[in-house]
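Taking it in order: structure first as structure tokens, then the write-up.
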Amino acid sequence: MNNEEIFCTEFEFILPRGLLDAEGNLHRHGVMRLTTAKDEILVQRNRDAQENSSYAVIVMLSRVITKLGSLAEITPDLLENLFSKDLAYLREFYNRINQQGDVYIPIQCPHCQSQFQVELALAGE
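For the sequence shown, my numbering gives the first residue as 182, with consecutive numbering after it.
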């Protein structure tokens, strides 16, 4: 990473289906931030996550999703209502930004040698 690159900690996403709230509004556009050590510690301390390791994903996502449509707060209870396709999408998105640090990969054209970035399609898309 050179000094001119900006370190990005938040990434926008669009859910394949969307989350329906209690009023029937569909929320698809969101923002997820990178995970911190504190997030991981708090998820490990969460009683529901301790009792059910699968639930730890929901708890972690509720911590790192900073925006989802017009929803004021993202909670585990709210995310329990995600469609399975959207949950799979968010898991993969989470892994990509936290392991690779970006949702884009650098590409170079084999013909003109121009360099650009391409967003890979996630399995849920």
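Virtual Cβ for every residue (Gly too), placed ideally from N, Cα, C.
All figures in this text were calculated on a predicted structure; none of them were measured in a lab.
Where the alpha helix (DSSP H) through residue i begins and ends
i    : result
P257 : 257 to 260
Contact under 8 Å by Cβ, residue i with residue j
i    : j    : result
D220 : V245 : yes
G211 : F194 : yes
M213 : F274 : yes
N262 : L200 : yes
Host beta strand (DSSP E) of residue i (start-end)
i    : result
L271 : No beta strand (DSSP E) contains L271, which is instead part of the alpha helix (DSSP H) from 265 to 280.
Three-state secondary structure assigned by DSSP to residue i
i    : result
L242 : helix
Q231 : helix
One or two residues paired with residue i in a DSSP bridge
i    : result
E249 : Here the sequence assigns Leu to residue 249, which means Glu is not the residue at that position. DSSP, once it has assigned bridges, lists G211 as partnering L249.
Q289 : Q296
In the segment 191 to 227, which residue ranges form an unbroken beta strand (DSSP E) of at least 3 residues, counting only runs that do not cross its ends?
Complete beta strand (DSSP E) runs here, min 3: 191 to 201, 207 to 214.
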